[in-house]
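Numbered per numbering that gives the first Met the number 0, the sequence shown finishes at 130, counting up by one with no gaps.
Glycine included, each C-beta is placed from N, C-alpha and C at the ideal position.
Quantities reported herein were computed from a predicted structural model and do not represent experimental measurements.
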Amino acid sequence: MYQSKNLSLGGHQAFSALLEESSRIARVAIVFKDKSIFTFYGTTEQNGLDINRFDSQFLAIIESFRGLNSSESKLAKPLRLKSYRVKKGDSYRLLAEKSPIPFDPEQRLRLLNGDYPTGSLQVGALIKLVE
């Protein structure tokens with residue numbers, strides 16, 4: 000390990016170092032926030048590429064670490080699974096229209112419920128939805 004240093008990022012304790020790993024140099028950083036630890040790891044994919052060409056950019060990414068403000072925090076709600084009893088008229092297409100799943104929600108709902116790729120809903124069945 001060389002070029003190690005203690006940091007303060009967004010008011011949180013952090014540590015960064017350059018490490019040699021399998022004949023390559025890697026930048027590693029750890030940020031301690033509340034009860035969580037955030038780890039950053041950067042290296043070159045090919046042996047022989049100089050980490051110094053990229054290290055300043057990677058350090059800038061690490062140093063940009065900060066907590067979310069209140070408006071960002073409202074947007075950062077996790078997706079959760081919810082049990083749902085299928086009603087008459089429900090279809091994966093209609094449920095997908097209301098789903099927060101960003102890409103191809105209809106097929107992802109089918110997959111989540113064991114109906115991929117062409118299964119359909121049965122009235123009264125208990126399925127999983129994402130909210």
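List the residues that DSSP assigns as beta-bridge partners of E20. As a position in the sequence shown, residue 20 is number 21, starting the count at 1. Per DSSP, R23.
Determine the direct distance from the alpha carbon of K76 to that of N112, and round the result to whole angstroms. On the sequence shown, position 113 is the one that residue 112 refers to. On the sequence shown, position 77 is the one that residue 76 refers to. Each residue's alpha carbon lies about 23 Å from the other.
Which ranges would you report for the alpha helix (DSSP H) in the region 62-129 if only whole runs of at least 4 residues count? Inside the region 62-129, DSSP marks whole alpha helix (DSSP H) runs of 4 or more residues at positions 69-74, 91-96 and 104-111, from first to last along the chain.
Determine which residues share a DSSP beta bridge with Q56 and list them. Walking along the sequence shown from the start, residue 56 turns up at place 57. The partner list for Q56 (beta bridge, DSSP) is empty, contrary to what the question assumes.
With burial defined as no fewer than 16 other Cβ atoms inside 10 Å of the residue's Cβ, what is the status of S15: buried or exposed? Taking the first residue of the sequence shown as position 1, residue 15 is located at position 16. S15 comes out buried.
Just the Cα atoms here: how many angstroms apart are A28 and L120? If you number the sequence shown from 1, residue 28 lands on position 29. If you number the sequence shown from 1, residue 120 lands on position 121. Approximately 47 Å, taken between the alpha carbons.
Unbroken beta strand (DSSP E) run spanning T38, endpoints: The count along the sequence shown starts at 1 and reaches residue 38 at position 39. In this chain, the beta strand (DSSP E) harbouring T38 covers S35 to T42.
T42 beta carbon less than 8 Å from that of I24: Position 25 of the sequence shown, counting from 1, holds the residue named residue 24. Position 43 of the sequence shown, counting from 1, holds the residue named residue 42. A contact, by the Cβ cut-off of 8 Å.
Per DSSP, what are the beta-bridge partners of S3 in this structure? For the purposes of this step, residue 3 is taken as residue 4 along the sequence shown, with counting starting at 1. Answer is none; S3 lacks a bridge partner.
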